[in-house]
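To keep things clear, I will list the structure first and then write my remarks on it.
2 protein chains.
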Amino acid sequence: MEIRVKKDELLTGVDIVSKAVKEKSPMPILECILFTVIDDEIRLMANDTEFSIETVIKGDIKETGMVAIDAKTLTGLVKKLPNDDVLIITDEKAAAIKCGKLKANVPVRDGSGFPAVPVVSRETAVKISQFSLREIIRQTIFCSDDKKANKMMGAELFNISGNRLNVTALDGCRIAFRSIELKDSYEDRTAIIPSKALKDLSSIIPGGVNDEVEICFTDNHVLFGFDDTTVVARLVDGKYFDTEKMLNMSYSTQVKVNKRELLESIDRSTLFLSNIDKQPVVVDITGNTLEWKITSSHGSMTEDLDVSTSGNDLKIGFNPKFLMEALKAIDDEEVTLHLESAKMPAAIKDDAENYVYFILPVNFQ
Amino acid sequence: MEIRVKKDELLTGVDIVSKAVKEKSPMPILECILFTVIDDEIRLMANDTEFSIETVIKGDIKETGMVAIDAKTLTGLVKKLPNDDVLIITDEKAAAIKCGKLKANVPVRDGSGFPAVPVVSRETAVKISQFSLREIIRQTIFCSDDKKANKMMGAELFNISGNRLNVTALDGCRIAFRSIELKDSYEDRTAIIPSKALKDLSSIIPGGVNDEVEICFTDNHVLFGFDDTTVVARLVDGKYFDTEKMLNMSYSTQVKVNKRELLESIDRSTLFLSNIDKQPVVVDITGNTLEWKITSSHGSMTEDLDVSTSGNDLKIGFNPKFLMEALKAIDDEEVTLHLESAKMPAAIKDDAENYVYFILPVNFQ
């Protein structure tokens, strides 16, 4: 194989596919990036068997070939190359990489040992803007937790229903639900996609509002195609949680509040908590006033916000981190807290239910 | 004590003095910031007994007083306050801090228990621009190492000689020497200043070219005065290393090289080193070519640079980090390496010896 590519082009390609490289694997070939050079295409690929990324880069092809190059060495090297043409010439043993006055030799592996990417037909693709897909992942992913024993909590439910994409994530203490309108309508389908794959995906989607991503499903895989890049992830097998009942809950108290004020105020309230994960912030709603009160060995503090309340007065404790993360995922200037009692989950949702965040309360006293 | 200050003004003051707060001390008062409010001055101070910072902030004074407030709680709180006036009212037990709708109570300590700052007369002060002082610290401090058993290695020698300030730092493997011209001439004097104090100092000097710092010495202390801030540090007692002999060494080989090219090239050469601290980079100088060659389990690489050499051909090994740090501290486009043999220290210095960096070579093979 012999190719000549611009340093920046090579760096972009290598950066994109590195997300699917295993850092340490009993199969050393998974620590490599596969170069497949055919006819007029230079294709880079990485595959950790659960998740693969393939991308095409521009360059001059002198000789076709297929070779796997150690990803860590290659990425480190390409990052530090001068801004010049990079010449890569490989034989069975090594890749000779030349750029400016630098010559490096990096060991290679036989590319034919590389695991193949599952075939996913792109015939019936759901189309969504890159921006919307990245946003819906950002707005839900923090409610999933891949450290939990339950695999479903480390994944998100993608549900296509008519012309809507609905995404659900939950970690046992909270639920994120987001729904967006698509340009076209599609046949109904659901898929449970690992959070790690979605995080990696959203870090490599450029995110243009007018640029599209195609999403294609098989029974076991999902494919995301955008620009010159294809991402394929294995789906989580099984049945996702039934969150329907939660979505239909009713709440006797509604509290409308300025989002920024609420967020900054909760943030301040955490100052006096010695352990943010264990100590709740207690909200006291009395008429149109929402008040925090915190007392600890470091001192005490209190702050009240003007809100617009309909329903009963209420006192309820929250993990402040959960409240803050949900608020940060909402773009609206005003948000409404829906509350029932100190023991029942609270919801932050808009009228159209394009977003619903459920948060379990925390016992206090 | 009762004062009203703008949030930003308070934050700036608290940020400056926090550098001298002990994080954990058997004397809890050292974990505090001392507020001294007299007549028309609000003075903030912290003192870890080796190093103290005092600064004056603007604000309205309702009642004078002196009180020590826990630095960590105060700093955390002030950072997160809304951009508004902050009212601080203290009694013997607590400081009530009010800002917008927030009310906080932070425990206080009796300010009279706070250790006093040593008195340093500002009568005969050495004057230097804030920019120059910050630069000379940056350009030398990386050659000091306060983890070494020898206290001198965790300090810098400041030497005033006529109208020059000379600064020396060394860590046993390398020496940094910098000399700058001052506007005025002063009586000769030397002082050994702890690196930690210099690092903290340079992080709070705004660094304006036309703004001045006054430096005053006693036998045991040094004072740096700038804007509304005074920093006092205890000097290291003893005799500093004699580096005179090193400065007068002669070298048979001179290699003139483009600094940026050399720096980028060394940086790339480290890619294939598995342990940057233990494995040297070997430089091979043959006529007007400087060549690196690295071979490791990750592969091999070689790069040559065009240089202008006078003297003998030479092969010498370096800790690449030492070379890079010295080069980064030099602003010149071209630098000259002065070499004698593979066993003798190398120097990077300019003709006027405004800067001299000595680096011990590393054995190779």
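Going down the list, the protein sequences come from chains A and B. Following my numbering, the numbering of the first sequence begins with 1 at its first residue and continues without gaps. Following my numbering, the numbering of the second sequence begins with 1001 at its first residue and continues without gaps. Using N, Cα and C, we set each Cβ at its ideal position, and we do this for glycine too.
Using a Cβ-Cβ cut-off of 8 Å, M301 (chain A) counts as an interface residue toward chain B, since at least one Cβ of chain B sits closer than that to its own.
Counted as a single uninterrupted DSSP element, the beta strand (DSSP E) harbouring M1045 (chain B) occupies residues E1041 to N1047. Distance from the CA atom of V14 (chain A) to the CA atom of T64 (chain A), rounded to whole angstroms, is 19 Å. Not one beta carbon of chain B lies nearer than 8 Å to the beta carbon of D15 (chain A).
Within the segment 105-117 of chain A, N105, V106 and P107 place their CB atoms closer than 8 Å to a CB of chain B, listed in sequence order. Proximity of G76 (chain A) to chain B, defined by a Cβ-Cβ separation below 8 Å, is satisfied. Listed along the chain, the chain A residues whose CB falls inside 7 Å of the CB of R1138 (chain B) amount to none; the nearest CB is some 24 Å away. Here the segment 1342-1361 of chain B makes no contact with the segment 1298-1311 of chain B; the two share fewer than three CB pairs at distances below 8 Å.
Between S195 (chain A) and N1210 (chain B), the alpha-carbon positions lie close to 54 Å from each other.
With a cutoff of 8 Å on beta-carbon distance, V1056 (chain B) and T1090 (chain B) are scored as not near each other.
For E1264 (chain B), the neighbours in chain A by C-beta distance under 8 Å run, in chain order, K80 and P82. Taking 8 Å as the upper bound for CB-CB distance, V108 (chain A) and I69 (chain A) are in contact here, some 5 Å apart. 8 Å or more divides the Cβ of G208 (chain A) from the Cβ of Q139 (chain A). The segment 165-182 of chain A makes no contact with the segment 69-89 of chain A: fewer than 3 CB pairs, one atom from each, lie closer than 8 Å. Using a C-beta cut-off of 8 Å, the segment 1016-1025 of chain B makes no contact with the segment 1095-1106 of chain B, since fewer than three inter-stretch Cβ pairs fall below that distance. The straight-line gap separating the alpha-carbon atoms of K1328 (chain B) and V1356 (chain B) is approximately 13 Å. A Cβ of chain A is located within less than 8 Å of the beta carbon of T1073 (chain B). In the DSSP secondary-structure assignment, T140 (chain A) is not bridged to any residue. Within chain B, no residue has its beta carbon less than 7 Å from that of L30 (chain A); the closest one is some 17 Å off. Between D8 (chain A) and chain B, the shortest Cβ-Cβ separation is not below 8 Å.
Leaving aside the five residues that flank E1214 (chain B) on each side, the residues in its chain whose CB is nearer than 8 Å to its CB run, in chain order, R1122, A1125, V1126, K1127, L1223, F1224, G1225 and F1226. Annotated as proximal: R1189 (chain B) and F1217 (chain B), with beta-carbon spacing under 8 Å. Annotation for Q1279 (chain B): L1273 place their beta carbon closer than 6 Å to its own, counting only its chain and skipping 5 residues before and after. Against chain A, the CB of K1103 (chain B) has a partner CB under 8 Å away; the residue lies at that interface.
Proximity to L11 (chain A) across A:S132, A:L247 and A:A71 peaks at A:A71, based on C-alpha coordinates. T1289 (chain B) and V1307 (chain B) do touch by the CB rule: their CB atoms are close to 7 Å apart, below 8 Å. The Cβ atoms of D60 (chain A) and I97 (chain A) lie no closer than 8 Å to each other. For the segment 1277-1300 of chain B, the set of positions with a beta-carbon nearer than 8 Å to some beta-carbon of chain A reads H1298, G1299 and S1300 in chain order. What L1271 (chain B) touches in chain A, judged by beta-carbon distance under 7 Å, is G76, L77 and K80, going in chain order. I160 (chain A) has its alpha-carbon roughly 14 Å from the corresponding atom of N354 (chain A).
I1141 (chain B) and M1045 (chain B) have their C-alpha atoms some 25 Å from each other. Taking 9 Å as the cut-off between beta carbons, none of the residues of the segment 134-168 of chain A comes near chain B. Take S1297 (chain B), set aside five residues on each side of it, and the residues of its chain with a beta-carbon closer than 8 Å to its own are S1274, in chain order. Inside the segment 1183-1223 of chain B, DSSP marks whole alpha helix (DSSP H) runs of 4 or more residues at positions 1195-1204, from first to last along the chain. D304 (chain A) reaches chain B at K1101, counting residues in chain order whose Cβ is nearer than 8 Å. Only residues of its own chain outside the window of five on either side were considered, and among them V281, W292, I294, M301, E303 and P320 have a CB closer than 8 Å to the CB of S269 (chain A), listed in chain order.
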